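See below for the structure under consideration.
In UniProt numbering, the protein residues as written are 1 to 156.
Pasting the structure below:
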């Protein structure tokens, strides 16, 4: 029931969008959506789950929640810094010390692919893999090529 409501909300947002959007604006909108805050603590990546309470607290969830079923949670004051994060539930997986580099690598792949639609995705990947070798080792081209193709197609 909940997932169908979410789909309806997404469809409503898409149909309410203005039709005179420029490609540059679309790239910015996509980039802002994907740049949700992520916090890396001791090799574990968290994202914001909810903000609530008085005083307001930011509750974080492990990024591996869906993929690995990790129920790790953390909290921090809304006005706090990364040093104020307290892990409330432990992780069920080992830390990923290359997580930050992988996040930056994927973000760069997407940015370059969207800005250079005529450059083959293999060329983009090869060029950036020299800058981010650890991330490229963990995210081989065959694993990310479909995602890169989808990014390019969505721009058309």
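Cβ coordinates follow ideal geometry from the N, Cα and C atoms, glycine included.
Only a predicted model underlies this, so the values are computations on that prediction, with no experimental measurement involved.
A contact between stretches requires three or more CB pairs, one per stretch, nearer than 8 angstroms, and the stretch 120-138 meets this requirement with the stretch 97-106.
In this structure, residue 99 and residue 148 do not form a Cβ contact; the two beta carbons are roughly 20 angstroms apart against a cut-off of 8 angstroms. In this structure, the CA atom of residue 116 is about 43 angstroms from the CA atom of residue 89. The C-beta separation of residue 58 from residue 48 comes to about 6 angstroms, placing the pair in contact by the 8 angstroms criterion. Between the beta-carbon of residue 86 and that of residue 78 there is about 14 angstroms, and that puts the pair past the 8 angstroms contact cut.
Under the three-state reduction of DSSP, residue 97 is assigned to coil, being neither helix nor strand. For the stretch 27-80, the continuous beta strand (DSSP E) assignments of 3+ residues that do not extend past its boundaries occur at 38-41, 44-52, 57-62, 73-77, in sequence order. Residue environment analysis places residue 142 among the exposed positions, since fewer than 16 neighbouring C-beta atoms fall within 10 angstroms of its C-beta.
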